[in-house]
Amino acid sequence: MTNIAFIGLGNMGGPMAANLVKAGHQVRGFDLVEASREAAKADGVTIAASAVEAVSGAEVIVTMLPAGKHVLAVWTEVLPHIAKGALLIDCSTIDVASAVAAHQLAQQQGVHSVDAPVSGGTGGAKGATLTFMAGGEAAAFEAAKPVLDKMGKKIVHCGAAGAGQAAKICNNMLLGISMIGVSEAFTLAEKLGLSHQALFDVASTSSGQCWSLTSYCPVPGPVPTSPANNSYKPGFAASLMLKDLKLSQDAAHSSGAVTPLGAHAAELYAEFEQAGHDGADFSGIINFLRERAAK
Ligand code: NAD
1190 MTNIAFIGLG NMGGPMAANL VKAGHQVRGF DLVEASREAA KADGVTIAAS
1240 AVEAVSGAEV IVTMLPAGKH VLAVWTEVLP HIAKGALLID CSTIDVASAV
1290 AAHQLAQQQG VHSVDAPVSG GTGGAKGATL TFMAGGEAAA FEAAKPVLDK
1340 MGKKIVHCGA AGAGQAAKIC NNMLLGISMI GVSEAFTLAE KLGLSHQALF
1390 DVASTSSGQC WSLTSYCPVP GPVPTSPANN SYKPGFAASL MLKDLKLSQD
1440 AAHSSGAVTP LGAHAAELYA EFEQAGHDGA DFSGIINFLR ERAAK
């Protein structure tokens, strides 16, 4: 049993903390929102009065927060109260520069740290089937692995500090682009009188094959579990895809990478959000393409 502090008990953090409780760990959590605290309490998390109280005596501290500024603020607040040699794991999706800055804050206090963003959404958080992409020193990664194992099924050490965030935004930029590509193929097929199933049967076993088509098909029918069969309820919300595409473009600008399709995907998801679809699953971008064709 490990004493674990968990800060940020929202849609992802709540079920992740619950899985650590189920695995037999002592988990003390904190969130700014009362409803999140109550839900975590019902799952066996001991609720602290503050983030500082949550980390007191903890051997491992996990944060699952909205963005880089929240992670830096919480880490700055709690680090003076964390024992030297303890381990801080940030599972939020944040910009690479903030992730590297957070590692430096931890290092200054003699605390080990890992950036470990996730893929797999709320379903993966509930089912403990998340994929973790981790960045940090090898010893810190080895210490984090047994804890991450209880919340996910695949854990990849991607490299030094910030490498986990780098892997996450590269993957999600590719995902955003491929979802738009698959959606364009289906909207063109519709105009050409080709059925969804016919395109799926060909493309899913041909060179157009990809996850956005075969696991998360943006039209109802061919993949019964995809959000298209459930009125495009998320799933993975379009607002989160836009967040990740913006992070990819910030990273592309600061590193000098050329990502014209990533830039265009970010523009299309921004328009999709402005058109009032931000609560929809990101595969709903196909409806936005149809709306544009109808204009
Ligand atoms: P969420 O908004 O549901 O949860 C974030 C929680 O952090 C909120 O409950 C909020 O009250 C809390 N919080 C903010 N500042 C705090 C502070 N100072 N102290 C304590 N608590 C604080 O978001 P989420 O969907 O759980 O996502 C969390 C992270 O995971 C984000 O970085 C997101 O990009 C990433 N992510 C989300 C998904 C998804 O499908 N939801 C998938 C992969 C990655």
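Going left to right, the sequence shown walks through residues 1190 to 1484 as the numbering used here numbers them.
Where is the CB? At the ideal position from N, CA and C, for every residue including glycine.
Residue i Cβ short of 8 Å to the ligand NAD heavy atom set
| i | result |
| --- | --- |
| Ser1281 | yes |
| Met1322 | no |
| Ile1196 | yes |
| His1214 | no |
| Met1201 | yes |
| Ser1225 | yes |
Three-state secondary structure assigned by DSSP to residue i
| i | result |
| --- | --- |
| Thr1235 | strand |
| Gln1298 | coil |
| Thr1311 | helix |
| Cys1347 | strand |
| Ala1356 | helix |
| Ala1207 | helix |
| Glu1424 | Residue 1424 is actually Gly in this sequence, not Glu. Note: Gly1424 maps to coil in three-state DSSP. |
| Gln1215 | strand |
| Asp1433 | helix |
| Asn1200 | coil |
| Gly1341 | strand |
| Ile1366 | helix |
| Asp1439 | helix |
| Val1251 | strand |
| Leu1221 | coil |
CB of residue i within 9 Å of CB of residue j, strictly
| i | j | result |
| --- | --- | --- |
| Glu1242 | Thr1191 | no |
| Glu1462 | Ser1428 | yes |
| Ser1281 | Gly1257 | yes |
| Asn1360 | Leu1434 | no |
| Val1336 | Ile1193 | yes |
| Gly1451 | Ile1344 | no |
| Phe1425 | Cys1406 | no |
| Arg1479 | Thr1394 | no |
| Ala1469 | Lys1422 | yes |
Rounded distance between the beta-carbons of residue j and residue i, thought under 8 Å
| i | j | result |
| --- | --- | --- |
| Val1251 | Ile1283 | Contact flag wrong, Cβ pair sits at about 14 Å. |
| Leu1209 | Lys1339 | 6 Å |
| Val1170 | Ile1271 | Outside the shown range of the chain (1190 to 1484) lies residue 1170, about which nothing can therefore be said. |
Residue i beta carbon near the ligand SAM (any heavy atom closer than 8 Å)
| i | result |
| --- | --- |
| Asp1433 | Of the ligands one can find in the structure shown, namely the ligand NAD, none is the ligand SAM. |
Can at least three beta-carbon pairs, one atom from the segment 1199-1207 and one from the segment 1321-1329, be found at a separation below 8 Å?
no
Using a Cβ distance threshold of 8 Å, determine whether the segment 1375-1391 contacts the segment 1337-1357, with at least three qualifying pairs required.
no
Taking contact to mean at least 3 C-beta pairs separated by less than 8 Å, is the segment 1255-1273 in contact with the segment 1230-1238?
No: fewer than three Cβ pairs fall under 8 Å.
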